[in-house]
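Asks:
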Amino acid sequence: MAYSNQGRFQQQISFLRRQFLQGGGLPFADVLSEAMVKQALTAVGECCWDRIYSPLVTTWLFFGQVLNEDQSCRKAVASLIAHRLSQHALR
Numbered sequence: 022m023a024y025s026n027q028g029r030f031q032q033q034i035s036f037l038r039r040q041f042l043q044g045g046g047l048p049f050a051d052v053l054s055e056a057m058v059k060q061a062l063t064a065v066g067e068c069c070w071d072r073i074y075s076p077l078v079t080t081w082l083f084f085g086q087v088l089n090e091d092q093s094c095r096k097a098v099a100s101l102i103a104h105r106l107s108q109h110a111l112r
């Protein structure tokens with residue numbers, strides 16, 4: 022019986038993984054807002070500098086890297102570049 026539940030759990034994880042990756046952008050970008058991450062960092066006494074790889078972007082890229090079949094850093098950075106281009110951030 023435990024195997025049956027484990028198989029169902031794996032199916033649910035696979036479904037959620039596909040859903041997050043289907044959008045083509047950065048996974049969790051709509052879920053983890055900049056304000057939420059800044060609040061968490063402030064609570065632990067960290068500061069945020071203005072940079073490309075802010076704690077928020079690093080978190081998004083990490084989740085995307087873990088969820089993607091291609092878990093390379095190259096793919097994660099390519100996703101960020103594509104996202105920034107789609108948001109007109111690189112001009």
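Sequence positions in the sequence shown follow the working numbering and run 22 to 112. Glycine included, C-beta positions come from ideal geometry on N, C-alpha and C. Predicted model, so just to flag it, every value in this text is computed and none were measured.
Could you compute how far the alpha carbon of residue 60 sits from the alpha carbon of residue 84?
Replies: Counting from one through the sequence shown, the residue named residue 60 turns up at place 39. Counting from one through the sequence shown, the residue named residue 84 turns up at place 63. Each residue's Cα considered, the two are about 19 Å apart.
Asks: Which term fits residue 109, buried or exposed, when burial requires 16 or more other beta carbons within 10 angstroms of its beta carbon?
Replies: Along the sequence shown, read from residue 1 onward, the residue named residue 109 stands at position 88. The residue in question, residue 109, is exposed, as its Cβ has fewer than 16 Cβ neighbours within 10 Å.
Asks: Report the three-state DSSP secondary structure of residue 109 (helix, strand or coil).
Replies: As a working note, residue 109 is residue 88 in the sequence shown. Looking at residue 109 - three-state DSSP - the assignment turns out to be coil, as it is neither helix nor strand.
Asks: Leaving out five residues on either side along the sequence, give the residues of the same chain with a beta carbon under 7 Å from the beta carbon of residue 92.
Replies: In the sequence shown, the residue the question calls residue 92 occupies position 71. Contacts found: 86.
Asks: First and last residue of the alpha helix (DSSP H) that includes residue 85?
Replies: The sequence position of residue 85 within the sequence shown is 64, counting from 1. Segment 76-88, the alpha helix (DSSP H) holding residue 85.
Asks: Can you round the beta-carbon distance between residue 37 and residue 80 to whole angstroms, since I take them to be within the 8 Å contact cut?
Replies: As a working note, residue 37 is residue 16 in the sequence shown. As a working note, residue 80 is residue 59 in the sequence shown. Actually they are not in contact, since the Cβ atoms of residue 37 and residue 80 sit about 17 Å apart, beyond 8 Å.
Asks: Report yes if the CB atom of residue 100 is closer than 9 Å to the CB atom of residue 82, and no otherwise.
Replies: On the sequence shown, residue 100 is found 79 positions in, with the first residue counted as 1. On the sequence shown, residue 82 is found 61 positions in, with the first residue counted as 1. It is a contact, given that the beta carbons lie within the stated cut-off.
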